[in-house]
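K.L.:
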Amino acid sequence: MSWWAIIAMAVGVSGQRLLGMFWAGPFLARRPTLSRLGDLLPAAVIAGVIAQLTFVSDARLTLDARAVGLLVAAVMVWRRAPLTVVVITAAAATALVRLVA
Amino acid sequence: MSAARPGPADYLALAFTYFVVGVTVSVAMIERGISIPTTLAAALLVYSATSELAFLAVRDAGGSTAIGVASGWLVASRFGLLAVSLGARYRASVWERAAASINSFDPNVGLAVQQEDRSGLRRVFWQVTAALMIGWWIGSLVGVFLGDVIGDGRAWGLDAVFPATLMAIIGALVRRRDGLTAAVVGAAVCCLLIPIAPGGLPILASALGAVVAVLAFARRPVDSSRGGPATEDRP
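Each protein sequence line maps, in turn, to chains A and B.
Numbering of the first sequence is given in the numbering used here, commencing with residue 37 and proceeding in unit increments.
Numbering of the second sequence is given in the numbering used here, commencing with residue 1486 and proceeding in unit increments.
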């Protein structure tokens, strides 16, 4: 990874974050209907990240041990378990499936 | 975890999650022969684990540096979207808002925007940020210097840690019907696009879930009686 690649990525990534905070965020906040969009964006985007991390390998949809870990995490979250318990049981379930499979 | 009021154990778990992310990225960089100073500089300046991993994935596939950088920008678009959500409610000096936007990650924005009042939003945002940074930097250093000692974290299920943490972070949001709609549609759009769209685009498109949820619940009151803090405290 060359220095110009690092600088270019730093500018592009920070730029998007600053644009969101100073331009698009206040734009939504001034409009009552759109401000609800701002509230719901994290749920939608984080769900997308969860799907990407769990169901993808090599740019293909895959169902493997990670799906079991996510299922366990979902049940634990639904039961309102503490985050430490959610994380430990999800990792343990994933490891166990890999061990058995 | 109570999204409204994370406790000490929650912060420890958040730090652990980013410790795992830090180790993963550092090991991936070092494995490809990238030097230790460059690896740490990228962790500090690019400040996006997903962007670094996207860049490496393009280079692994024989793509040019320019395409690697473009791919890094594309996957970072989700941080732009999270900064939008934060920017819609964050009131402070211009410097503090700039610092907050640069530090926009999934856990700190996801938890901060669930706070009812503005002082709570800022407090939770920066407390979560501190936990993430402690974990991220210890993890980055451990990965750089001890990566070959640790071995494959997947045997321990460590690749399930980040998605599990994210699930807990949106836990209170998906107890509301509009939050659940946003999450389910977002995840579905992402999965549908994965086989056909370049990396990063599926997650960017998952923002459509929020649009669908806003349209679907535009006129109907949202059931928030089953827990999850209301966010209708705007002036």
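Just so you know, even glycine gets a beta-carbon here, dropped at the ideal spot from N, CA and C.
Going along the chain, which unbroken runs of the alpha helix (DSSP H) with 4 or more residues stay wholly within the region 68–128 of chain A?
P.N.:
Segments of the alpha helix (DSSP H) lying fully in the region 68–128 of chain A: 68–91, 101–114.
K.L.:
Note the first and the last residue of the continuous alpha helix (DSSP H) segment covering I1552(B).
P.N.:
1550–1560 is the extent of the alpha helix (DSSP H) around I1552(B).
K.L.:
Closer than 7 Å, CB to CB, is A1584(B) near chain A or not?
P.N.:
No, its Cβ sits nowhere closer than 7 Å to a Cβ of chain A.
K.L.:
Check whether the region 1654–1661 of chain B and the region 1586–1595 of chain B are in contact - that is, three or more C-beta pairs closer than 8 Å.
P.N.:
Touching, per the Cβ criterion.
K.L.:
Can you tell me where the alpha helix (DSSP H) holding F1504(B) begins and where it ends?
P.N.:
From DSSP, the alpha helix (DSSP H) with F1504(B) extends over 1493–1516.
K.L.:
Quick one: list the residues of chain B neighbouring R102(A), beta-carbon separation under 8 Å, in chain order.
P.N.:
Within 8 Å Cβ-Cβ: D1644, A1645, P1648.
K.L.:
Going by CA-CA distance only, name the one from L1678(B), A1555(B), V1508(B) that's closest to I42(A).
P.N.:
Checking every option, the nearest Cα to that of I42(A) belongs to A1555(B).
K.L.:
Contact check, A1585(B) vs A1500(B) under 8 Å by CB: the rounded distance?
P.N.:
Actually they are not in contact, since the Cβ atoms of A1585(B) and A1500(B) sit about 19 Å apart, beyond 8 Å.
K.L.:
Distance check for W40(A) and M112(A), CA to CA, integer angstroms please.
P.N.:
Straight-line Cα distance between these residues: approximately 44 Å.
K.L.:
Quick check: is the beta carbon of R1563(B) nearer than 7 Å to any beta carbon in chain A?
P.N.:
At least one chain A Cβ lies under 7 Å of R1563(B).
K.L.:
Who are the near neighbours of V108(A) in its chain, counting only those whose CB is closer than 6 Å to its CB and skipping five residues on each side?
P.N.:
If we look at V108(A) and ignore the five residues flanking it on each side, its Cβ neighbours are T125, A126, A129.
K.L.:
Is the beta carbon of V1613(B) less than 7 Å from the beta carbon of Q1600(B)?
P.N.:
No. Outside cutoff.
K.L.:
Would you report the Cα separation of A1672(B) and A1526(B), rounded to the nearest angstrom?
P.N.:
So the alpha carbons of these two residues sit roughly 33 Å apart.
K.L.:
In three-state terms, what does DSSP make of A1692(B)?
P.N.:
Of the three classes helix, strand and coil, the one that applies to A1692(B) here is coil, per DSSP.
K.L.:
Got a sec? Which residues, its chain only, sit under 8 Å from L1693(B) by beta carbon, not counting five neighbours each side?
P.N.:
Around L1693(B): V1670, G1671, V1674.
K.L.:
Hey, how far is the Cα of A1701(B) from the Cα of T1666(B)?
P.N.:
Distance between the alpha carbons of A1701(B) and T1666(B): 9 Å.
K.L.:
Please compile the residues from chain A whose C-beta is within a distance smaller than 8 Å of the C-beta of S1549(B).
P.N.:
Within chain A, no residue comes near S1549(B); the closest Cβ sits about 10 Å away, beyond 8 Å.
K.L.:
Give me the residue from D100(A), V81(A), V85(A), A79(A) with the minimum Cα distance to L132(A).
P.N.:
Closest by alpha carbon: D100(A).
K.L.:
Taking buried to mean at least 16 other C-beta atoms within 10 Å of its own C-beta, is W1558(B) buried or exposed?
P.N.:
By the neighbour-count rule (16 or more Cβ atoms within 10 Å), W1558(B) is buried.
K.L.:
Nearest-angstrom Cα distance between D1644(B) and S1691(B)?
P.N.:
C-alpha separation (whole angstroms): 21 Å.
K.L.:
Which residues in chain E have a C-beta closer than 8 Å to the C-beta of L55(A)? List them in chain order.
P.N.:
No chain E appears in the structure shown, which is made up of the protein chains A and B.
K.L.:
Could you name the residues of the region 81–112 of chain A whose beta carbon sits closer than 9 Å to any beta carbon of chain B, in the order they occur along the chain?
P.N.:
Result list: V81, I82, A83, G84, V85, I86, A87, Q88, L89, T90, F91, V92, A95, R96, L97, A101, R102, V104, G105, L106, V108, A109, A110, M112.
K.L.:
I'd like to know whether the C-beta of A137(A) is nearer than 7 Å to at least one C-beta of chain B.
P.N.:
A137(A) does not count as touching chain B.
K.L.:
Tell me whether I82(A) is buried or exposed, calling it buried when 16 or more other Cβ atoms sit within 10 Å of its Cβ.
P.N.:
The residue is buried, with at least 16 neighbouring Cβ atoms inside 10 Å.
K.L.:
At the level of alpha carbons, what is the spacing between D75(A) and T1550(B)?
P.N.:
Distance between the alpha carbons of D75(A) and T1550(B): 36 Å.
K.L.:
For a contact defined as C-beta to C-beta under 7 Å, what are the partners of R72(A) on chain B?
P.N.:
Those within 7 Å of R72(A) in chain B are V1699.
K.L.:
Between the region 1531–1538 of chain B and the region 1629–1638 of chain B, are three or more C-beta pairs nearer than 8 Å?
P.N.:
Segments in contact, no.
K.L.:
Quick one, are the C-beta atoms of Y1496(B) and W1621(B) less than 7 Å apart?
P.N.:
The answer is no: Cβ separation not under 7 Å.
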